[in-house]
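Here the structure comes first, spelled out in structure tokens, and everything after it is commentary.
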Amino acid sequence: MGSGQQLYMKAKAIIPGGTQLLSKRPEMFLPDQWPSYYSRAKGVEVWDLDGNKYIDMSYNGVGSCILGAADPDVDAAVKEVIEAGSMSTLNAPEEVELAELLCESHLWAEMVRYARCGGEAMAIAVRIARAKTRRDRVAFCGYHGWHDWYLAANLADDSALDGHLLPGLAPAGVPRGLLGTALPFRYNHLEELKAIASQHRNDLAAIVMEPIRDHDPDPGFLEQVREIASATGAVLILDEITAGFRMITGGAHLLYGMKPDMAVFAKAISNGYPMAAIIGKADVMQAAQLSFISSTYWTERIGPAAALATIRKHKRCDVAKHLVRIGTLVQESWREAARQAGREIEIGGIPPLGHFAFPGGEKQAAKTLFIQMMLERGFLASTAFYATYAHQEYHVRSYRDAFQEVFAQVINALEQETVMKQLKGPVAHAGFGRLT
Ligand SMILES: Cc1ncc(COP(=O)(O)O)c(C=O)c1O
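The numbering of the sequence shown is my numbering, which starts it at 3 and goes up by one.
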């Protein structure tokens with residue numbers, strides 16, 4: 003057993019759930035075998051605790067290392083503010099510079115607030131929308147973090163039915179009084195949003211969604227969402243935490259000419275350093291002053307310095323173009339491997355954030371075997387790929403060769419029903435699961 007697995011066993015005894023993020027749990031990849039911890043990360047290279055080196059062709063800091071790990075320009079800017087003092091009784095001037103930069107690139111926005119994490123920034127946006135409208139209900143589509151406003155969607159009249167709308171996200175601990183305040187609709191299913199809007203038109207505080215993630219918007223979908231928000235007086239909040247800065251320097255909504263009332267950025271803007279921004283129209287943002295929204299570490303200096311350096315480099319180097327190109331090449335290599343194996347695979351996601359699924363009913367076991375075989379070939383890989391500026395074509399080429407070989411072997415194992423026999427540990431968990 004590697005040092006990482008040994009440490010993880012210790013972690014599970016002292017940290018409930020083992021890690022702080024569901025998507026980083028080793029059980030989500032390769033139970034009992036995943037390297038689990040890193041000693042060093044640079045660009046797309048990651049070293050585990052035993053000194054083994056891997057190329058990260060998976061999540062790259064779960065989407066937070068858009069330029070690659072330990073980017074020299076961002077790290078230089080961070081080191082500068084560490085030297086100058088990263089915290090003080092006075093405020094960090096970078097906050098104002100960053101607000102100007104964000105408003106310059108999103109011309110509909112006039113004011114900015116900050117936080118450090120995505121979920122908390124979304125909670126702030128929803129609080130501001132509720133303060134502005136003096137209403138309670140929120141219509142939403144997609145994933146937006148762990149806070150009460152969102153997990154309330156998984157409360158049911160009968161507690162035995164809790165959790166049915168968003169599978170795997172358990173709402174234990176969320177006050178039952180929030181039942182009926184978070185109302186889900188599916189992307190491109192305008193009729194579902196319309197039904198919510200007509201039932202709650204006088205009590206809809208916000209419509210919350212990602213502008214794009216898995217599917218392109220149907221013609222007119224985004225425009226009609228905007229119209230429904232305006233007609234009901236609900237605040238339109240776009241969650242750009244993951245989709246932003248992948249296809250353009252700024253929110254993905256800029257590609258569609260969409261004008262929300264607020265947009266929220268987090269992990270794509272600061273290359274691995276905690277930072278989040280809520281931008282919005284002045285009349286909406288001013289409602290922040292009607293409520294109490296305040297936290298000490300929202301004032302530290304590393305986050306805004308990292309964001310300024312990341313966004314400037316993003317623009318200077320046309321990082322979005324690179325992410326789309328690399329992501330497209332990776333998706334092509336998936337398609338090509340499937341074609342060679344004579345199989346159809348489902349591929350989804352915008353090019354910089356692509357994912358695929360193995361064919362057939364044994365998807366999870368097949369995925370686990372795939373991860374195991376890719377790890378043996380020196381890749382951190384899963385069924386999703388988040389591109390970074392540090393990925394080069396030669397990384398994709400060596401990944402493609404390994405992928406073709408492994409994909410064919412997994413398909414063969416599925417056909418011969420030998421997947422379980424070839425696995426050296428248990429099958430990966432599919433979603434939230436209480437760890438024992
Ligand atoms: C669209 C979206 N919203 C919100 C979040 C939550 O962000 P965080 O994990 O920083 O709290 C995520 C994280 O994956 C996300 O993808």
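Cβ coordinates follow ideal geometry from the N, Cα and C atoms, glycine included.
- Secondary structure of P18 (DSSP, three-state): coil.
- Classified as exposed, N204 has fewer than 16 neighbouring CB atoms from the shown chains inside 10 Å of its CB.
- In the three-state DSSP reduction, F223 falls in the helix class (H, G or I).
- By the C-beta density criterion, K423 is exposed, having fewer than 16 other C-beta atoms within 10 angstroms.
- In this structure, V266 keeps its C-beta atom at 9 Å or more from the C-beta atom of A111.
- The continuous stretches of alpha helix (DSSP H) do not include F247, and DSSP gives it neither H nor E.
- Inclusion of H146 in the 8 Å shell around ligand 1 follows from its C-beta lying nearer than that to a non-hydrogen atom of the ligand.
- In the displayed model, F372 falls within a helix according to three-state DSSP.
- In the three-state scheme derived from DSSP, where H, G and I count as helix and E and B as strand, H255 is classed as helix.
- Between the alpha carbons of H393 and G45 lies a gap of roughly 8 Å.
- One alpha carbon belongs to T301, the other to C119, and they sit about 13 Å apart.
- One thing to note: N62 has its Cβ no nearer than 9 Å to the Cβ of Y275.
- The Cβ atoms of A184 and A154 sit closer than 9 Å to each other.
- Assignment of K44 by DSSP, reduced to helix, strand and coil, places it in the strand class.
- 9 Å or more divides the Cβ of W148 from the Cβ of R129.
- Rounded to whole angstroms, the separation of the alpha carbons of Q406 and E338 is 8 Å.
- Between the region 418-433 and the region 357-372, the count of C-beta pairs closer than 8 Å reaches three or more; the two stretches touch.
- Of the candidates L256, V326 and V398, the residue whose Cα lies closest to the Cα of C105 is L256.
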